[in-house]
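Here the structure is laid out as structure tokens; the discussion comes afterwards.
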Amino acid sequence: MSQNFDVVVLGGGVGGYSAAIRAAQLGKSVAIVEEDKLGGTCLHRGCIPSKALLRSAEVYALMKESARFGIETGETRLNFPQVLSRKNEVVESLHTGLQFLMRKHKIQVFYGKGRVIGPSIFSPRSGAVSVEQADGEILSLVPEALILATGSRPRVLPGLEPDGVTVLSSDDALRMEELPASMLIIGGGVIGVEWASMLSDFGVKVTIAEVGPRLVPGEEEEISRELERLLRKRGVTIHTGCTVLPETCRKQEGGLSIEAEQRGERIRLEAGAALVSVGRGANVEGIGLENTDVKIEGGYIRVNASMQTAEHHIYAVGDCTGGVQLAHAAGHEGIAAAEHICRQETHRYEPHRIPRCVYSRPEIASVGWTEAQAKERGHEVKTSKVHFQALGKALVLGETDGFVKVVADARTNDILRGPYDRCACDRLYLGGRAGAAARSRTVGSGNGDASAPDAVGDSWRSDARGGRKSHHDVAAGAERPRPGKMNYL
Ligand SMILES: Cc1cc2nc3c(=O)[nH]c(=O)nc-3n(C[C@H](O)[C@H](O)[C@H](O)COP(=O)(O)OP(=O)(O)OC[C@H]3O[C@@H](n4cnc5c(N)ncnc54)[C@H](O)[C@@H]3O)c2cc1C
Numbered sequence: 001m002s003q004n005f006d007v008v009v010l011g012g013g014v015g016g017y018s019a020a021i022r023a024a025q026l027g028k029s030v031a032i033v034e035e036d037k038l039g040g041t042c043l044h045r046g047c048i049p050s051k052a053l054l055r056s057a058e059v060y061a062l063m064k065e066s067a068r069f070g071i072e073t074g075e076t077r078l079n080f081p082q083v084l085s086r087k088n089e090v091v092e093s094l095h096t097g098l099q100f101l102m103r104k105h106k107i108q109v110f111y112g113k114g115r116v117i118g119p120s121i122f123s124p125r126s127g128a129v130s131v132e133q134a135d136g137e138i139l140s141l142v143p144e145a146l147i148l149a150t151g152s153r154p155r156v157l158p159g160l161e162p163d164g165v166t167v168l169s170s171d172d173a174l175r176m177e178e179l180p181a182s183m184l185i186i187g188g189g190v191i192g193v194e195w196a197s198m199l200s201d202f203g204v205k206v207t208i209a210e211v212g213p214r215l216v217p218g219e220e221e222e223i224s225r226e227l228e229r230l231l232r233k234r235g236v237t238i239h240t241g242c243t244v245l246p247e248t249c250r251k252q253e254g255g256l257s258i259e260a261e262q263r264g265e266r267i268r269l270e271a272g273a274a275l276v277s278v279g280r281g282a283n284v285e286g287i288g289l290e291n292t293d294v295k296i297e298g299g300y301i302r303v304n305a306s307m308q309t310a311e312h313h314i315y316a317v318g319d320c321t322g323g324v325q326l327a328h329a330a331g332h333e334g335i336a337a338a339e340h341i342c343r344q345e346t347h348r349y350e351p352h353r354i355p356r357c358v359y360s361r362p363e364i365a366s367v368g369w370t371e372a373q374a375k376e377r378g379h380e381v382k383t384s385k386v387h388f389q390a391l392g393k394a395l396v397l398g399e400t401d402g403f404v405k406v407v408a409d410a411r412t413n414d415i416l417r418g419p420y421d422r423c424a425c426d427r428l429y430l431g432g433r434a435g436a437a438a439r440s441r442t443v444g445s446g447n448g449d450a451s452a453p454d455a456v457g458d459s460w461r462s463d464a465r466g467g468r469k470s471h472h473d474v475a476a477g478a479e480r481p482r483p484g485k486m487n488y489l
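Heads up: the sequence shown begins at 1 in full-length UniProt numbering, then just goes up one per residue.
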């Protein structure tokens, strides 16, 4: 059996469903093929469940300190089953909402594994999708345009494959019903440090082994250093320049033991379990790309600025194309692809304008070029920094760790990197040259409350007048000379 659509989307994650909704809004008949659940990684195995857990960890950490704020509550106890059930409720509520959105936009959802097929009796060109449904029935969906949005999965370290009990992927970690006493986290990127922060707040003894010289390598170097300092202060053990040797892994009573090489020496690491967080690989195998002229480069689907593959009626968006593997980037790409299919004007895709976020405690939020990248690109750079210790609101909240840093072009005063407001993150990216806003409780830039916009402004203004800011300037907002353009380049 075959059905015709204007647009078929393979994969119902944030990239796929954003594309589908936009195409439907623009009057197209649309189908989504999804082999698991609508919402994909972000909703079921990524952003949402991990942030729900992080929120519980944050509340727990705050409760343990409540006496400092004059609130005495008696013993604070962690009820992990309740933490999990709240996480599941948040996910389920969004999942229900998403299913409603599909119905509202008259998008047909076909559940089953989809595969792209080549020219056939259904269509003279490649790009139709065969769907193997749960009851074994095979359907063919024939579109004018196909959007590939198959996402990504956790990378595996050969020899240290996840078993779901002692060696975990981030998917397995979200399924843990009990917390181990200690956790070795292999990989100190975004996912690794979020889990380190969360688990340490839950009282798990955490060790991070990172092969590179610093944590979160995509961020400013001084932000990495500050985060490392703050995590160590909370009792997290951090080994950088440390290569874990999978062949030395021994599973033993109560966990595992593994050796690692650090600056020419062998060290032994032991923990109740290990979380392998060494990046994510694109889902490009087994989806029928060999039946098309779509090109794969470095493991990812190659696309042009309009998200078209080498076959121009086949688009690809989100994690399967590499680039910035973040949910809002995938959503933006999905919308851009749908608008291009519908011949609408759309926003240019510029990866450095995509806000980045790390939801550790403290959080990191930034957009633009790092200081090092700006220099590499030939900018004469000036920077400005304000520590949250100088901010009244940060002191009021009892959240004084971290700072705001702005990187600017010394000649034009254009901002090259700075913090962003998490709530306004799409607006800032899509607006491109909008002004900066930021919030506190972050390393480097951030989220959390309304005080850091002042910090950015103060940091920037005091720098623009070429002087150092004093506590008094920052606290009282004294003398505010006009800065140069507060535009992100
Ligand atoms: C632990 C973790 C935390 C994260 N936290 C954040 C965060 O805080 N903020 C943020 O912005 N990003 C975060 N991310 C990244 C974010 O989840 C991804 O960037 C985003 O989900 C990518 O969306 P996508 O649509 O490209 O792919 P996915 O969400 O992976 O969706 C792809 C979908 O395609 C389906 N599929 C694949 N192949 C087929 C097939 N052959 N047939 C049918 N269906 C198929 C899959 O089942 C899946 O549902 C996090 C990721 C992880 C792992």
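The beta-carbon is built from N, C-alpha and C at its ideal position, and this holds for glycine as well. Here the structure is a predicted model, which is why all the values come from computation and not from measurement.
Once you ignore the five residues that flank residue i on each side, which residues in its own chain have a CB closer than 6 Å to its CB?
{"i": "SER56", "result": "VAL83"}
{"i": "ASP6", "result": "LYS28, SER29 and GLU144"}
{"i": "SER18", "result": "GLY331, GLY334 and ILE335"}
{"i": "ILE296", "result": "VAL284"}
{"i": "ALA327", "result": "VAL14, CYS42 and CYS47"}
{"i": "MET1", "result": "LEU139"}
{"i": "ARG468", "result": "A caution first: ARG468 carries a pLDDT of 36, below 50, which makes its placement in the model unreliable, though a value can still be read off. No residues qualify anywhere along the chain."}
{"i": "THR237", "result": "THR207"}
With H, G and I counted as helix, E and B as strand and the rest as coil, what does DSSP make of residue i?
{"i": "ARG348", "result": "coil"}
{"i": "SER200", "result": "helix"}
{"i": "GLY15", "result": "helix"}
{"i": "THR400", "result": "coil"}
{"i": "ARG441", "result": "Low per-residue confidence applies at ARG441: pLDDT is 31, beneath 50, and the placement is therefore not dependable enough to give any value."}
{"i": "PRO154", "result": "strand"}
{"i": "THR96", "result": "helix"}
{"i": "TYR111", "result": "strand"}
{"i": "TYR300", "result": "strand"}
{"i": "ALA310", "result": "coil"}
{"i": "SER257", "result": "strand"}
{"i": "TYR359", "result": "coil"}
{"i": "GLY435", "result": "Reliability fails at GLY435, whose pLDDT of 33 lies under 50, so the model's placement of it is uncertain and the value that follows must be treated cautiously. Coil, per DSSP."}
{"i": "ARG250", "result": "strand"}
{"i": "PHE122", "result": "coil"}
{"i": "ASP6", "result": "strand"}
{"i": "MET183", "result": "strand"}
{"i": "SER50", "result": "helix"}
{"i": "CYS320", "result": "helix"}
{"i": "ARG234", "result": "coil"}
{"i": "ILE287", "result": "coil"}
{"i": "GLU132", "result": "strand"}
{"i": "MET1", "result": "coil"}
{"i": "LYS382", "result": "strand"}
{"i": "ALA282", "result": "strand"}
{"i": "ASP458", "result": "Model confidence at ASP458 stands at a pLDDT of 49, short of 50, so the residue's coordinates are unreliable; what they give is reported in the following sentence. Note: ASP458 maps to helix in three-state DSSP."}
{"i": "LYS106", "result": "coil"}
{"i": "VAL193", "result": "helix"}
{"i": "LEU168", "result": "strand"}
{"i": "SER66", "result": "helix"}
Considering only the beta carbon of each residue, do residue i and residue j sit closer than 7 Å?
{"i": "VAL9", "j": "ILE147", "result": "yes"}
{"i": "ILE21", "j": "HIS105", "result": "yes"}
{"i": "VAL131", "j": "VAL14", "result": "no"}
{"i": "ASN291", "j": "CYS320", "result": "no"}
{"i": "LEU215", "j": "LEU230", "result": "no"}
{"i": "VAL206", "j": "MET183", "result": "yes"}
{"i": "ARG155", "j": "ARG280", "result": "yes"}
{"i": "ILE267", "j": "GLY127", "result": "no"}
{"i": "LEU157", "j": "PRO246", "result": "yes"}
{"i": "VAL324", "j": "GLU311", "result": "no"}
Quick one: residues in its chain with C-beta nearer than 7 Å to the C-beta of residue i, no 5 flanking neighbours on either side, listed in chain order?
{"i": "GLY254", "result": "GLY272"}
So, for residue i: in the same chain, excluding its five sequence neighbours on each side, which residues have a beta-carbon less than 8 Å away from its beta-carbon?
{"i": "GLY466", "result": "Residue placement at GLY466 is poorly supported in this model, since its pLDDT is 39, which falls under 50; the coordinates are not used for a value here."}
{"i": "TYR349", "result": "ALA305, MET307, HIS332, GLU333 and ALA336"}
{"i": "GLU72", "result": "SER66"}
Are the C-beta of residue i and some C-beta of chain B separated by less than 7 Å?
{"i": "SER257", "result": "Going by chain labels, chain B is absent from the structure shown, which holds only one protein chain."}
With three or more beta-carbon pairs closer than 8 Å as the criterion, would you say the segment 296-303 touches the segment 208-215? no
Any contact of the segment 185-195 with the segment 328-346, i.e. 3+ C-beta pairs under 8 Å? no
Mind the definition here: the segment 119-136 touches the segment 238-252 only if three or more C-beta pairs lie below 8 Å; say whether that holds. no
Should the segment 88-102 be regarded as contacting the segment 38-57, the criterion being three or more beta carbon pairs within less than 8 Å? yes
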